[in-house]
Amino acid sequence: MNRKILSFVLALVMVLGTFGTVSAATGNAKVDWLIEEGLVTGDAGGYRLNDPIRRSEVAAMTARALFAESTATLLKPIQGQFSDVPVNHWANGYINYAASLNFVNGYPGGTFRPDSNITYAEIIKIMVMVNGDVPNVTGYTGAYWSTPYITKAIEVGIMEGVVIPNNDYNAAATREKVFELVYNTVMRSIQANREVYEAIVTENARVADLEDDELTVVVLKEGNNSPDAELRYEKGDEIEVTIPTTMDSENLLGKVVELTIDKDNNATKAIINTDYEYYIGPFVAEENRIMLNTGDEFDVELEPRSSNRFEMLYGVYHNDKAYDYEDYLNLDSTNDNKYTAEFARVTVNDDVVFFIDAFEFDDIAPVTKVEEDGEEIYYLDDKTDGSEKIFTLDGVFGYQNSMFMVMGLDEVEADDVIHVYGDYGIVRKDALKSGEYDRVLQSGGVYYADIDGSRYQMRNSTAKKPVYSMDGINYFTLIDSLASGYLEDIEDTDVTYMLDLNDSLQLISGEVEYSEKVVLIEEVGTRDIKVINPDGTRTTYRADSATDFENELGASLAIGDFKRGDIAYLFYDGTDVDKLVRLATASKIDTDSTSVKIFRNKLDIDIDNSEIALTDGIFQYNSLTTMFIVNTQGFAVTRIEVTEMETVLEMADPDSGLNAYVITEAEFTAMDVGNERKVGTSTGLAYVIVFTDFIPSDDFVEKETFEVTFTYNPSRDDSIIGDDVNGDEVEYDVAPFAAIPALSVGEIVTVTLEDELVIAVDVRIDDASAEYEVVSVDMADEEIMLDIGGTDTRRFLSKDLLIFGDTRVRSGDMISFDVNADNELEVILVIE
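Just so we're aligned: 504 in the numbering used here is position 276 of the sequence shown, and the numbers increase by one with no gaps anywhere.
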């Protein structure tokens, strides 16, 4: 745009309102264009299209447009030619300047009327002058002064489409008409500096070495240009253009557009030509033609049919890589000169193919959650019977409402369907649907789910099968030929379902409510059973005479046969127990558990691949695997709680001898407990994992040593009280699961604290500890000489030595002691 005209428009904007943004369209195409281009904004009162503009404001606008603010400032203290514009008038300098250039004139009698509204004739003159189209005004005076300006404005297009009410050019100009005049003035300059082509978009940053805001296009023909436009390109030329943020490079790829660019190849407009068909779906490519899934066929032309034609194939991509068409046909080595694309974007018109962007996917799956800003995309894996797995990709683009779009990994969300090819993916954002499931239909070996009268294919390809769930919790792979039986319980019910890019079924889920679950027994009374649920919550259920109690073999049990730490399968109604099946006793869990392997000084647990290695095999787990901790000490069951694999890997001491007891899906299914909620039959996938001998690493616990000052009775007391090495009283609450022995006054103990609760106690010195006489002490060398059995024996002192009963140890003292792992004296009790 001409700098002077642009400045004029910007100055005019200052006059016409810049107090805020009003986004609603006005219904006037020219005004709306100015709004969209950001050249016009509204204020608190909107666009006020029927309001006038004062003459003084236009004079100021004109000076600003010509970058004459400083000149107007110099002219401000000078009395001008107009008697009604005194030196102290705010616009005196602007009016003097505009009048000196003959942009504005006064009235008979030497007045300017600065507060009067500007007329149509006056604003038209200013537009003509700013535009550089100064007419010959000789002989036009008085009432006819404006005639040459109006004539020139009509001639150069400034008046095009502008209707002056009643043809009264001396009437006050409304803002709407001024906007229209501005539009016409601006458009002439803009169109002279812009070029319009019909072009096809052949490259973006995904398929070529381009920036995110760059596209490559090939010119097909000239567009609708201004007579003043100077075109630099012709048919067949390839142009690299920069697009604004309002344009989406993925949506434009492969499209034929009416493209408007400036002289710096910045795209200002790209209107998609809807005369072309933009097909989405699978297709078959052959030597000279392609066949779409619709049955339509189109010719493949590698060159235009004649010099004045442009119909030909302009680009072929497969999984983001460019191909010659002949090479593309031979991607399938088993089928010469023929290739079936799983999914593609194809541009066609009449009988010719213009563009192909094809894909072959490694996996298609529903997304369940996204973490680490998209670096971890969790999905339901049909290869492992609906278990949750993780994709880590380098990039994605999106699809929604029949349009493709640029998107980042952090924009992937649960309930999307992701289509993975290599390290990249396409994300369907509108995959989630709902409706009433009717039945499964079959035709020619292909199976369809009938939902709300629409039929969605159930693919049988590995990594692309759908998954299903009766309750939206447990998911399994849906085998097309068995689907009718699998989905029987949700026939004629509302379901949610998810579709891939080809509208094939990827997920179907019912709303069946199951009142059954795996539980960990915490406490059993005569009628009440307190359990720990898989989510870690605790619930008390009540049994009655109708409650069935069984073991894993189906034999009858009594409520008293269930103990703390047992794993059971609970059938319930509210808080009433219908049936309780014991899957494993705490004793069996402790006896049959096997060691978790160690790999490179860490527990052999692979979080990324959801695997745990035990001495009796490697087991997979998923989001449906229930995990507990059940520790025993002698015959007592101590720590019991729900856990997660990440917690175990992070917290468990790898040197403590962690063990695990596993019930696989196959083992649970073989128990035949009567569950309605479906469970798989995998021999390698854990249904329940129970960790035993779980000891937190030192990073998660603290240890404190003190002398017991009040007797601790585990059946009565819930805290231990004593004095620390400085004689200060300390008190520590005992964890509910901790099996702490009775403690007597005077014993020196070290307690292990987790979350400030005592989980274990080590009695260091008690009444049974041996007593020894101190022969000598050398604290500097950390040595002590003791009389042991009549022999002077040198022992080393720990640098963390704690002394109870006195502040120091002297020769002749009688002491008891306990040592650390290096056999150094770590705790000493001075007896006398």
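Cβ atoms here follow ideal geometry from the backbone N, Cα and C, with glycine treated the same way.
| query | result |
| --- | --- |
| Quick one: residues in its chain with C-beta nearer than 8 Å to the C-beta of Thr897, no 5 flanking neighbours on either side, listed in chain order? | Val907, Gly908, Thr909 |
| Given a threshold of 16 other Cβ atoms within 10 Å of its Cβ, counted over all protein chains shown, does Val695 qualify as buried or as exposed? | buried |
| Which residue comes first and which comes last in the alpha helix (DSSP H) that contains Asp818? | 814-820 |
| Please work out which residues of its chain come closer than 7 Å, Cβ to Cβ, to Glu206, disregarding the five sequence neighbours upstream and downstream, and give them in chain order. | Examination of residue 206 is not possible in this model, given that the chain is present from 229 through 1060 alone. |
| Assign Tyr372 to buried or exposed, taking buried as 16 or more other Cβ atoms, counted over all protein chains shown, within 10 Å of its Cβ. | exposed |
| CA-CA distance, Lys491 and Tyr377? | 31 Å |
| Rounded C-beta distance between Arg403 and Asp279? I'm assuming under 8 Å. | 5 Å |
| Can you tell me whether Ile1012 is buried or exposed, with buried defined as 16 or more other CB within 10 angstroms of its CB? | buried |
| From this set, Met855, Tyr684, Ile718, which residue's C-alpha is nearest Ser697's C-alpha? | Ile718 |
| Name, in chain order, the residues that DSSP records as bridge partners for Tyr506. | Thr575 |
| Just to confirm the assignment: which complete alpha helix (DSSP H) runs, minimum length 4, are found wholly within the region 300-339? | 320-328 |
| When burial is assigned at 16 or more other CB atoms within 10 Å of the CB, is Lys353 buried or exposed? | buried |
| Distance, Cα to Cα, Lys483 vs Ile618? | 34 Å |
| Among Thr430, Leu715, Thr568, which has the Cα closest to the Cα of Phe582? | Thr430 |
| Taking the alpha carbon of Ala381 as the point to measure from, which residue in Leu1029, Ala349, Ala399, Tyr684 has its own alpha carbon closest? | Ala349 |
| Do Thr775 and Leu798 count as a contact pair if the criterion is CB distance below 8 Å? | no |
| Can you grab the Cα-Cα spacing for the pair Ser689 / Asp609, in whole Å? | 13 Å |
| Is Tyr665 closer than 8 Å to Val598 when the C-beta atoms are compared? | no |
| Roughly how many angstroms lie between the CA atoms of Leu735 and Pro594, to the nearest whole one? | 7 Å |
| Checking 8 Å against the spacing of the C-beta atoms, do Ser997 and Ser1044 come in under that value? | yes |
| Sorted by chain position, which residues of the same chain lie with C-beta nearer than 6 Å to Ala691's C-beta, five sequence neighbours on each side aside? | Asp591, Lys611 |
| In terms of DSSP beta bridges, what is Met595 paired with? | According to the sequence as given, residue 595 is Val; it is not Met. Bridge partners of Val595: Tyr607. |
| If you compare alpha carbons, which of Tyr684, Tyr649, Val576 is closest to Tyr506? | Val576 |
| Taking the straight line between their C-alpha atoms, what separation do you get for Thr299 and Gly321? | 8 Å |
| With DSSP collapsed to three states, give me the class of Thr446. | Strictly speaking, residue 446 in this sequence is Val, with Thr absent from that position. Val446: strand per DSSP, three-state reduction. |
| Quick check on Val1058: does DSSP put it in helix, strand or coil? | strand |
| Can you give, in chain order, each stretch of the alpha helix (DSSP H) that sits fully within the region 655-724 and has at least 4 residues? | 711-714 |
| At the level of alpha carbons, what is the spacing between Gly602 and Arg755? | 49 Å |
| Please work out which residues of its chain come closer than 8 Å, Cβ to Cβ, to Ala401, disregarding the five sequence neighbours upstream and downstream, and give them in chain order. | Pro280, Ile281, Asn345, Ile346, Thr347, Tyr348, Glu350, Ile351 |
| From which residue to which residue does the beta strand (DSSP E) around Met355 run? | Not the beta strand (DSSP E): Met355 falls in the alpha helix (DSSP H), residues 348-358. |
| Measure from the alpha carbon of Arg341 to the alpha carbon of each residue in Asp552, Tyr800, Val645, Gln309, then state which is nearest. | Gln309 |
| Ser662 to Asp680, Cα distance in whole Å? | 9 Å |
| How about Val1055 and Thr937: do their beta carbons lie closer than 8 Å? | no |
| Using the beta-carbon count (16 or more within 10 Å), is Ile835 buried or exposed? | exposed |
| Assess, as a yes-or-no matter, whether the region 705-721 is touched by the region 785-800 under the definition of 3 or more beta carbon pairs within less than 8 Å. | no |
| For Leu541, name the three-state secondary structure that DSSP assigns. | coil |
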